[in-house]
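Asks:
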Amino acid sequence: MACRDNDSRAQRMLFQQFFGFVKGISLRYSSSTEEAEDILNESFLKVFQHLDRYDLQQPFKAWLRTIVVNTAISYYRKNQKFHGEIGLDHIQEFGFEETVIEQISADEILGLVQQLKPIYRTVFTMHVVDGYQLREIADTLDLNEATVRSHFARARLQLQELVKESFPFFSEGRMVNKFK
Amino acid sequence: MKPNKFDETIRQKLEGIQPNFREEDWTKFRTYQSAQVSPSFIQRFGRTMLYTAASLVGAVMVFANAYQYRKNEQLDQQLQQLKGQFTQKVNTPTPVLSRVDTVYITKYIPLQSSRINQYDATVPSINNVQPKEFKVENIDNEAQKAVLKTYDDFEKQFSGKTTNRATIRTENKKNGSINRVLSSKEKDEESELTEKQSYLSLQPRNVSQSTKNQHIDSQLKSMNGEDVARKEETNEILSNKETVSNIELNSLETSLLEPNQILEELTSITPAELKVQRYAYAYQSVSSSASEASPAEAKTTPPPPSISFRGMKFRMGAGINIGDRFTAKSLNTSVLLGKYWSIDVGLSNAQISGPQFYTEDIFRVKTKRDFEAWHKSSSAPQLIPSQVYDIKTSVSLVRIPISLTYRWPVKDGFTLLMSGGTNLNLSANQAFSFFTRDRNGELVEKKGAFDIKPALSNDIMVAAGIEKQWRYLVFQGEAYTAPYLQKPTYLTENRNIGVRFKITYQFGKK
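Protein chains in written order, with my numbering: chain E, -16 to 163; chain B, 29 to 538.
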């Protein structure tokens, strides 16, 4: 209630409490820390502006996650960074030793994810981390489901390549090329 | 596509990333917030309006207090002055009226041509004396007979006017002596008092009636032995004895008054009462003359009405209302009912910014309605309906604001205003805009509008402010609140507060 009345102390408390949660989502949807900060600030701004729309019956984190994801999508839509995706014909899938990734730290994986193309990163993160179905992603991004599926496949392949390139000693001899 | 272990591992590791809060993060957010957020009207001006209203109320109270204090002082001074005047009036004798009402009644007494030049200096003194009591000896000549005849005429003249106080003046004309009788019906109180005092003072002299008679006798005797034709000598004798004749005139003047009546007036009637009687007489004479002039009209004329619209004043002008997401431009008319009340009616066009929805789903959740069904503007059904983003709504209202205003004039053309009323909604138009993607994937903005039927009256408006008038130009500034009885669907919040300004021109006298 205090946040709705623009109480600065209450807003600060809420910001502090959910900063890590929002920052984590922002980081995996962004290409850099600066972009993540923009998404984070924009997300909290919307939260404080539209706090009166929050349904108290629903979990706050789910509502907050929706806002951050939508903000990230909107951010990249504004910046027209969803273009330039490649076609399905060029997808190359690797057989990847799944235990390799466990040996890589979270920050390193985050660094790899941030290297993905925005559309790949968004689709991959939405589907893998935030649990969106590919159809929902397609609706949200106003894309065909097949396109989304292609983007997801390419995102995973690109991420595996990045792992291989960044951590060759982990993946050496364990990665098998597969061609679709 | 099934999530494999690679995906699950990625998810676990990415979800585990939750950076710690730092103070600089909050500082960055506040900076971003202040740069991005355009504060609402209340956030921007709420505090200022509050302080302004409080200052205004305080200033008005101080001003009213000082004004009332000065007015009390003036009234005290006026009261002291009136007390002093009253004391002066009580202590000082009744002022002497300076008005002089003198009526000259002139009567020409026909005389025979042979007696024209005869001067009747003896006439006044014989008023109180019966002519038969004159002891005139040897009245055998014409002159003596003429004198007696003149006396008889005077006696007849004054016989019916015993209550009048008369002054007889004798003027000697060159072409002949004409006796002019001057009668004064009324004199002012001063002259009356003077006369009465002179009467009282002369009373002892007047009492000596025998002296006057002796004087007349002496004159008659002197005339008895002379030739009648020597009229000029007689006149000369009379003129030489002017002092004596003046005394005689005074004695005649006072003798015509009834002594008992004069004494009663002096003792019982004060001059003030006399004055009141005079005014009463004047009023009665005027009213009687008016009633005589048109008696029927006087009977049929109704009493004057207690409420008069003769001094009614009108004002016409324009105004603007500014509120939170609300702007209205209006044409206003005011009818001033007396000094303290006025009725305000106008016609306004209000623009209200409605709620915004980020997506169609949010719209559905918030309004419990489908967006497509709500705006009814889809021209052709789409095989694959595209997602709608950034839905914005606004409403345009045509309304008639009506209010009753209590006006409290303070000073220098300033008037405090307190009003209450409502807005009668005539029509409303709902506008909306949203973004959607076309076949090329580009975002396209679409706009539309449709009419809605608002409630006729759905708010109660209360306002307070101040007015300044320069001759016929009036400027009003008011803060108002108009909460809705039932929140309209096109609004985000039920509160409706703001300020309004009006400029009007007054018709009719100031």
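C-beta: ideal position from N, C-alpha, C; glycine also.
Where in the region 474 to 517 of chain B do unbroken runs of the beta strand (DSSP E), each at least 3 residues long, occur, reported from the N-terminal end onward?
Replies: Fully enclosed beta strand (DSSP E) runs of no fewer than 3 residues occupy 489 to 498 and 501 to 509 of the region 474 to 517 of chain B, in order along the chain.
Asks: Enumerated in chain order, which unbroken segments of the alpha helix (DSSP H) with a length of 4 residues or greater are wholly contained in the region 375 to 401 of chain B?
Replies: 388 to 395
Asks: Using a beta-carbon distance below 8 Å, is leucine 454 of chain B in contact with chain E?
Replies: Residue mapping note: residue 454 of chain B aligns to position 426 of the second sequence, counting from 1. Judged by the 8 Å Cβ criterion, leucine 454 of chain B is not in contact with chain E.
Asks: Within a Cβ cutoff of 6 Å, which residues of the same chain sit near threonine 355 of chain B, ignoring the five residues on either side of it in sequence?
Replies: By one-based count along the second sequence, residue 355 of chain B stands at place 327. Excluding positions up to five away in sequence, the list reads Gln379.
Asks: I believe threonine 16 of chain E touches isoleucine 56 of chain E by the beta-carbon criterion, under 8 Å. Please report the beta-carbon distance rounded to the nearest angstrom.
Replies: Stepping through the first sequence from its first residue, residue 16 of chain E is reached at position 33. Stepping through the first sequence from its first residue, residue 56 of chain E is reached at position 73. The pair is not a contact, with the Cβ atoms about 19 Å apart (cut-off 8 Å).
Asks: Given glycine 70 of chain E, which residues of its chain have a CB within under 8 Å of its CB, disregarding the five upstream and five downstream residues?
Replies: Against the first sequence, residue 70 of chain E aligns to sequence position 87. Unreliable positioning characterises glycine 70 of chain E in this predicted model, as indicated by a pLDDT of 46, which lies under 50. The coordinate reading is nonetheless provided below. For glycine 70 of chain E, where only same-chain residues beyond five positions count, the Cβ hits under 8 Å are Ser133.
Asks: Using a Cβ-Cβ cut-off of 8 Å, state whether lysine 481 of chain B counts as contacting chain E.
Replies: Taking the first residue of the second sequence as position 1, residue 481 of chain B is located at position 453. It does not; no Cβ of chain E falls within 8 Å.
Asks: For glutamine 305 of chain B, is the classification buried or exposed, using 16 other Cβ atoms within 10 angstroms of its Cβ as the cut-off for buried?
Replies: In the second sequence, counting from the first residue as 1, residue 305 of chain B sits at position 277. For glutamine 305 of chain B, the predicted structure reports a pLDDT of 47, less than 50, and the residue's modelled location is therefore unreliable. A value from the coordinates is still provided. Taking every protein chain shown into account, the CB of glutamine 305 of chain B has fewer than 16 other CB atoms within 10 angstroms, so this residue is exposed.
Asks: Please classify serine 9 of chain E as buried or exposed, where buried requires at least 16 other C-beta atoms within 10 Å of its C-beta.
Replies: Within the first sequence, numbered from 1, the residue matching residue 9 of chain E stands at position 26. Result: buried.
Asks: Using the Cα positions of glutamine 384 of chain B and valine 438 of chain B, report the straight-line distance between them to the nearest angstrom.
Replies: Translated into positions along the second sequence, residue 384 of chain B becomes position 356. Translated into positions along the second sequence, residue 438 of chain B becomes position 410. Roughly 46 Å between the two C-alpha positions.
Asks: Applying the 10 Å Cβ sphere with the 16-neighbour rule, what's the burial state of asparagine 451 of chain B?
Replies: In the second sequence, counting from the first residue as 1, residue 451 of chain B sits at position 423. Buried.
Asks: Exposed or buried, lysine 396 of chain B, counting other C-beta atoms within 10 Å across all chains shown (16 or more means buried)?
Replies: The residue given as residue 396 of chain B occupies position 368 in the second sequence. By the 10 Å Cβ count, lysine 396 of chain B comes out exposed.
Asks: Looking only at DSSP bridge pairs, what is alanine 346 of chain B linked to?
Replies: One-based indexing of the second sequence puts residue 346 of chain B at position 318. Bridge partners of alanine 346 of chain B: B:Leu359 and B:Ile531.
Asks: Would the beta-carbon of leucine 126 of chain E be found less than 7 Å away from any heavy atom of the ligand MG?
Replies: Inclusion of the ligand MG in the displayed structure is not the case, the ligand content being empty and no account of it being possible.
Asks: Use the C-beta contact count for glutamate 161 of chain B: other C-beta atoms within 10 angstroms, 16 or more gives buried, fewer gives exposed.
Replies: Here residue 161 of chain B refers to the residue found at position 133 of the second sequence. The predicted model places glutamate 161 of chain B with a pLDDT of 47, which falls under 50 and marks its position as unreliable; any figure quoted below should be read in that light. Looking at its Cβ environment, which holds fewer than 16 other Cβ atoms inside 10 Å, glutamate 161 of chain B is exposed.
Asks: Going straight from the alpha carbon of asparagine 349 of chain B to that of arginine 528 of chain B, what length do you get?
Replies: To locate residue 349 of chain B, count along the second sequence from 1; it is residue 321. To locate residue 528 of chain B, count along the second sequence from 1; it is residue 500. When rounded, the distance between both Cα atoms is 4 Å.
Asks: Enumerate in chain order the residues of its own chain whose CB-to-CB distance from arginine 392 of chain B is below 8 Å, with the five nearest sequence positions on each side excluded.
Replies: By one-based count along the second sequence, residue 392 of chain B stands at place 364. The answer, listed in chain order, is Asp398 and Phe399.
Asks: Can you pull the chain E residues whose beta carbon is under 8 Å from the beta carbon of arginine 39 of chain B, in chain order?
Replies: Here residue 39 of chain B refers to the residue found at position 11 of the second sequence. Within 8 Å Cβ-Cβ: Val111 and Val112.
Asks: Residues of chain E with CB closer than 9 Å to the CB of threonine 44 of chain B, please, in chain order.
Replies: Stepping through the second sequence from its first residue, residue 44 of chain B is reached at position 16. A quick correction: the sequence has glycine, not threonine, at residue 44 of chain B. Near glycine 44 of chain B (Cβ distances below 9 Å), the residues of chain E are Gly7 and Ala89.
Asks: Expressed to the nearest angstrom, what Euclidean distance is found between the alpha-carbon atoms of phenylalanine 1 of chain E and lysine 44 of chain E?
Replies: Against the first sequence, residue 1 of chain E aligns to sequence position 18. Against the first sequence, residue 44 of chain E aligns to sequence position 61. Roughly 9 Å between the two C-alpha positions.
Asks: Please list the partners that valine 96 of chain E has in chain B, where partner means a Cβ-to-Cβ separation under 8 Å.
Replies: Residue mapping note: residue 96 of chain E aligns to position 113 of the first sequence, counting from 1. Result: Ile38 and Leu42.
Asks: Evaluate the contact criterion for the region 459 to 477 of chain B versus the region 500 to 508 of chain B: three or more CB pairs, one atom per stretch, below 8 Å.
Replies: No, because fewer than three Cβ pairs between the region 459 to 477 of chain B and the region 500 to 508 of chain B fall closer than 8 Å, the two stretches do not touch.
Asks: Is the shortest distance between the beta-carbon of arginine 465 of chain B and the beta-carbons of chain E less than 8 Å?
Replies: Looking up residue 465 of chain B in the second sequence gives position 437. It does; some Cβ of chain E falls within 8 Å.
Asks: When you compare the CB of glutamine 164 of chain E with every CB in chain B, is at least one pair closer than 8 Å?
Replies: With chain E covering only -16 through 163, there is no way to say anything about residue 164 of chain E.
Asks: Kindly give me the distance between the Cβ atoms of threonine 54 of chain E and glutamate 25 of chain E, rounded to whole angstroms, as I take these residues to be in contact under 8 Å.
Replies: In the first sequence, residue 54 of chain E corresponds to position 71, counting from 1. In the first sequence, residue 25 of chain E corresponds to position 42, counting from 1. Their Cβ separation, rounded to whole angstroms, is 5 Å, which keeps threonine 54 of chain E and glutamate 25 of chain E in contact under 8 Å.
Asks: Helix, strand or coil: which one does DSSP assign to glutamine -1 of chain E?
Replies: Taking the first residue of the first sequence as 1, we reach residue -1 of chain E at position 16. Glutamine -1 of chain E: helix per DSSP, three-state reduction.
Asks: Can you tell me the Cα-Cα spacing of aspartate 487 of chain B and threonine 387 of chain B, whole angstroms?
Replies: Working through the second sequence from its first residue, we reach residue 487 of chain B at position 459. Working through the second sequence from its first residue, we reach residue 387 of chain B at position 359. Each residue's Cα considered, the two are about 31 Å apart.
Asks: Find out if the Cβ-Cβ distance for the pair glycine 347 of chain B, serine 362 of chain B is shorter than 8 Å.
Replies: The sequence position of residue 347 of chain B within the second sequence is 319, counting from 1. The sequence position of residue 362 of chain B within the second sequence is 334, counting from 1. The answer is no: Cβ separation not under 8 Å.
Asks: Exposed or buried, which one is threonine 55 of chain B when buried takes at least 16 other CB atoms within 10 Å?
Replies: Taking the first residue of the second sequence as 1, we reach residue 55 of chain B at position 27. Threonine 55 of chain B comes out exposed.
Asks: Give a yes or no on whether the minimum CB-CB distance between asparagine 518 of chain B and chain E is below 8 Å.
Replies: Taking the second sequence and counting its residues from 1, the one referred to as residue 518 of chain B is at position 490. The sequence shown places tyrosine at residue 518 of chain B, not asparagine. False, the Cβ-Cβ gap to chain E never drops below 8 Å.
Asks: Would you mind sorting phenylalanine 478 of chain B into buried or exposed? The rule is 16 or more other CB atoms within 10 Å of its CB.
Replies: For the purposes of this step, residue 478 of chain B is taken as residue 450 along the second sequence, with counting starting at 1. Exposed, because fewer than 16 other Cβ atoms sit within 10 Å of the Cβ of phenylalanine 478 of chain B.
Asks: From the beta carbon of leucine 28 of chain E, is the nearest beta carbon of chain B less than 8 Å away?
Replies: For this step, residue 28 of chain E is matched to residue 45 along the first sequence. Output row for leucine 28 of chain E: interface = yes.
Asks: Should glutamine 458 of chain B go down as buried or exposed, given a rule of 16 or more other Cβ atoms within 10 Å for buried?
Replies: Taking the first residue of the second sequence as position 1, residue 458 of chain B is located at position 430. Looking at its Cβ environment, which holds 16 or more other Cβ atoms inside 10 Å, glutamine 458 of chain B is buried.
Asks: Pick out whichever of E:Val112, E:Glu144 and E:Ala129 has its Cα sitting closest to the Cα of arginine 118 of chain E.
Replies: The residue labelled residue 118 of chain E in the question sits at position 135 within the first sequence. When only C-alpha atoms are compared, the closest one is E:Ala129.
Asks: Is the shortest distance between the beta-carbon of aspartate 53 of chain B and the beta-carbons of chain E less than 8 Å?
Replies: Here residue 53 of chain B is taken as the residue at index 25 of the second sequence, counted from 1. With 8 Å as the cut-off, aspartate 53 of chain B counts as an interface residue toward chain E.
Asks: Can you tell me whether tyrosine 115 of chain E is buried or exposed, with buried defined as 16 or more other CB within 10 angstroms of its CB?
Replies: Counting from one through the first sequence, the residue named residue 115 of chain E turns up at place 132. By the neighbour-count rule (16 or more Cβ atoms within 10 Å), tyrosine 115 of chain E is buried.
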